[in-house]
Structures are given as structure tokens and as C-alpha cells.
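The next block holds one structure in the form of C-alpha cells; read it before the comments.
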Amino acid sequence: MNNVVKKEKMGYWSMILLGINGIIGSGIFLLPNQAAKLIGSASIFVLLFDALLVISIALCFAQAATYFDRDGGPYLYAKDAFGDFVGFEVGFVTWAIRIIAEATMAVAFTTALVGTFPALNQPIIRDSIISIMVIGLALMNIAGVRVSTVVNNVISVSKLVPLVLFVAIGIFFIKGSNFTPLFPGGSYKSGSFGQAAVVMFYAFTGFEGLVVAAGDMKNAKRNLPKAVATVMTVVALFYILIQVVSTGILGNALASTDTPIQTAFAKITGGFGNALVAAGTLLSTGGLLVASSFITPRSGVALAENHMMPQLLAKRNRVNSPYIAIIVSATITLLIAYSGTFGYLAQISAVSRFAQYIPTCLAVIVFAKTKTKDKSSTFHLPLGPVIPAVAILVSIWLLVQVQVSQLVIGLGALLVAVPFYFLTYTYRQHGKA
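Under this note's numbering, think of the first position of the sequence shown as -1, with each following residue one higher.
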């Protein structure tokens, strides 16, 4: 008798919900004002631009996924297309991306809290809140306290309900006059479109998690490409609606608030809207931070277990918590969180993702020449190499728009990875890893 219980796999609609839940987060609650500050009402077109870029990248991910039916995502694609070194780089940077994202979420939570309680708006208080959260969560994880499914459910409901209500109610309070002038001061400032595009790109990140989990999905080769395309289209339309409603309600005032959705909803519904969005922002951002504090150090553990980092990183305590990885992750998270505002860190977080996105788009071009198309797959990327080529060129153009310091922090892990690659390679050769 076979006692092995098969793990239940996700169906198509579960994949859709997973993808939407993985993308919609603190970005859309707190970033509409950042884009408005840079480029005014034209921020709506920035979102459309970002949506088209992200859909192009997502289509490349979807195409790459048709060649594999196991977990791995960008690391798997890069390793298969370009060899061990590039695969190592992309795999290594995954941990860095999670650390940067966690730091960004910590600052996002503090920004939302200060926006709700202005008396807390002092540098020392903001840094203290960040420290208490990051260190507290690290200690919780070292003690072996696990994130429950209740937290994930709270995250999903708390962020979607306020946003859906905001769009459904706010659309009736839009004023056409609030969309003029199109640009701040009535004229376009050179470089502002690119900067705004990088800022808002952060709100779209996270879709790659859907691809990484391919091994847990039913008929991944057939369903995953459709799910990725569907998720990105739905999210893009939703974001554009949110930006339109925010601009239509607040006009130029959108650029001067740190809590744009909260301020806009409060203007039309009073205290109810203010409290609802404030609670939604804090619960969803805080919940995501809790989940991230659990997942992030385990990305480092995975690197150690795959001989991509020193084995010390995988060391566990008596309650089976990877305490070394937790301490290292929390320390770096704090240093990054102290370095800038939410808008600044959102750009760094967005920049770091391109270390996965660009290699995946390049891999699709390589796979078109080196792999046989799977006839069982219902998805085939149209226009040959055009979509990945455009995605790569536009991605590089976006990277040129950011500050050098943001590039260094966002992509610095690629350089840090080099000595670790050769170090662990030597260990493997001598049977010490």
C-alpha cells in the first residue's frame, strides 16, 4: 500500500489570486504622490508605460516557464541559458532583493504610521520605529515563532478592500479640472518621466514569485503563461484606475501628501475613509513585513544549502531557526532602511529586480535558438525576439535614469557575489562545501 500523500497543487484561479496578492502591496498605497510630484497628472501615462514594460517582461517570464515544469524561476533560466556563473549571480541576488524589499517595507510602514499620527514625524522616532520592528521580528523568528496563514489572509483582505472601495466610490468624485496642468508648473522637466517610471515600477514588482512557484501548480506549462499575462493586465488596469481617481480627487495636492490614497479617500468620505485606508495600509504593510522577515533569511539559508554561501549561514538553533541568517538579514535590512525615504528605497528595490528581469529576457532569446518548442504548451511569445529585445532596451534605459548611489545599492550584490562564486567553487572542488 502506498502511503505517500501527494501535495495538492494550485489550479488556474488560485494562481491568479496568488499573483495579484503578490504584487499589490505598499507601493500603490504610498507611491501615487511620488509620481505626481515628479510629473504631475502625466503620472497616469507613466503607469501605462510601466504596465507595458512589466507586461513585456512578464511575457518573457511566461515564455521561459514553458520550457520548465519545476521550481527555480530566474535562477533556473539564467543557469540553463548562460551557465553556472550567471546562474549563481542571479540566484545570489535573490537574497539581496528580499533584503532590500524588507527594508523598503519597514520604511513604508513607518511612513504610513507617521502619516496617520503626525506627532511621530521626528527622525529619531522614525528610526526607532524601524529598529523596533526589524529587531523585534528578528527575535521572534530566532525564537521559532512562525507566520500563520491568518496573517496572510489578513494581508489579502486589508489591502484589497480599501482599494476596491476607494475606486468604486472615488470614481464619482473625479473633477476634470484636477488633471490640468498636465505637468508641474505647466511645462515638462527633462528626465522627470524616467524618474517617475522607476519610482512607480516598484508597485508592479513581485509577479516573478508566481513563476518561481511553478512546481506547485497544475499543468504549469499550460496554465502559468496565461496566469502571468492575466495577472499583469488586471493589476495594470487597477493601478491606472487608482492613479486616475487619486488625481481626479486631489489634483495638484496629490504631490504634497505622504499618504495619497488615505488623503484622497478622507476628502470624499471624511473620517471613515481616512480610518479605513490607514488601517488597510498599516495592516497590509505590517503583515507583508512580518511575512518577509520569515522568508528573507531563508533565502540566505537556501544559498548556503546550495553551496553558494558559507555553510555557517545555514546554522540553526535548538528550535530549528536559522539564527545566523536571521541576524545577518536583519542587520543589512536596518542599514538600508536607515539610508533613505520610502520613495528613494522603492527605486532601489525596483532597480535590484532588473538583476533577475534582464537575464530572463535574454534567456528567452537564447532558448528560442537552443530549445525545441513544447507543442503541448498553449503559449508562444509573439513577434519572435522583438518583445524580449524591447523589454531589455527599455529596462536598461530605466536604469540609466536613477542615481549612481541607487545603482550601487540595488545592483551591488552582483559584485559581492563574484568572490563567493569562486570561494564556493574551490570548496566544491576540494569536497569541503
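Note that the Cβ used here is the ideal one computed from N, Cα and C, for glycine as well. Since we're looking at a predicted model, the values are computed, not measured.
Query, Result
"Helix, strand or coil for phenylalanine 319, going by three-state DSSP, please let me know.", "The amino acid occupying residue 319 in the given sequence is serine; phenylalanine does not appear at that position. Here serine 319 sits in coil by DSSP."
"Specify, as a first and last residue, the run of the alpha helix (DSSP H) that proline 380 falls within.", "Premise fails: proline 380 is in no alpha helix (DSSP H) and is neither H nor E."
"Would the beta-carbon of leucine 29 fall within 8 Å of that of methionine 198?", "yes"
"Do threonine 331 and glutamate 100 have their C-beta atoms closer together than 8 Å?", "yes"
"Would you call leucine 310 buried or exposed, if buried means 16 or more other Cβ atoms sit within 10 Å of its Cβ?", "exposed"
"Taking 8 Å as the threshold (beta carbon to beta carbon), is isoleucine 26 in contact with chain B?", "Absence of chain B from the displayed structure is noted, only one protein chain being present."
"Threonine 329: which of Gln345, Ser350, Val349 and Thr294 sits nearest, CA to CA?", "Thr294"
"Could you give the C-beta distance for threonine 339 and methionine 103, rounded to a whole number, given that I count them as a contact under 8 Å?", "Actually they are not in contact, since the Cβ atoms of threonine 339 and methionine 103 sit about 14 Å apart, beyond 8 Å."
"Can you check whether the CB of isoleucine 153 is closer than 8 Å to the CB of glycine 285?", "yes"
"Taking Cβ to Cβ, would you say phenylalanine 202 is nearer than 8 Å to isoleucine 21?", "yes"
"With a CB to CB cut of under 7 Å and the five nearest residues on each side skipped, what residues in its chain are close to isoleucine 18?", "Val229, Val232 and Val233"
"Can you tell me whether DSSP reads glutamine 120 as helix, strand or coil?", "coil"
"Alanine 227: which of Phe418, Ile247, Ala56 and Gly9 sits nearest, CA to CA?", "Ala56"
"Within the same chain, show all residues whose beta-carbon is closer than 6 Å to that of alanine 264, passing over the 5 residues directly before and after it, in chain order.", "Gly271 and Asn272"
"Measuring straight from C-alpha to C-alpha, what distance separates glycine 298 and isoleucine 324?", "9 Å"
"Looking only at its own chain, which residues have a Cβ that is under 8 Å from the Cβ of alanine 62, when we skip the five neighbours before and after it?", "Tyr75, Val209, Thr358, Ala361, Val362 and Phe365"
"Hey, would you say leucine 413 sits closer than 8 Å to valine 91, going by beta carbons?", "no"
"Quick one, which of Ile53, Phe47, Phe86 and Leu51 has its alpha-carbon nearest alanine 302's?", "Phe86"
"If you draw a straight line from the alpha carbon of valine 400 to that of arginine 124, how long is it in whole angstroms?", "25 Å"
"Helix, strand or coil: which one does DSSP assign to valine 455?", "This structure cannot settle anything about residue 455, because the visible part of the chain is limited to -1 through 431."
"Does the separation of the CB atoms of isoleucine 172 and isoleucine 266 fall below 8 Å?", "no"
"Just the Cα atoms here: how many angstroms apart are lysine 430 and phenylalanine 83?", "The pLDDT assigned to lysine 430 is 48, lower than 50, so where the model puts this residue is not dependable, and the model offers no usable value."
"Is the separation between the beta-carbon of phenylalanine 352 and that of serine 319 shorter than 8 Å?", "no"
"Give the DSSP-derived three-state secondary structure of leucine 396 in the structure shown.", "helix"
"Using DSSP with H/G/I as helix, E/B as strand and the rest coil, what is methionine 13?", "helix"
"Assuming glutamate 206 and proline 72 form a contact by the criterion Cβ under 8 Å, report the distance between their Cβ atoms to the nearest whole angstrom.", "6 Å"
"Helix, strand or coil for valine 162? Go by DSSP, reduced to three states.", "helix"
"Helix or strand or just coil, what does DSSP make of alanine 335?", "helix"
"Run through DSSP, which three-state label would proline 72 get?", "helix"
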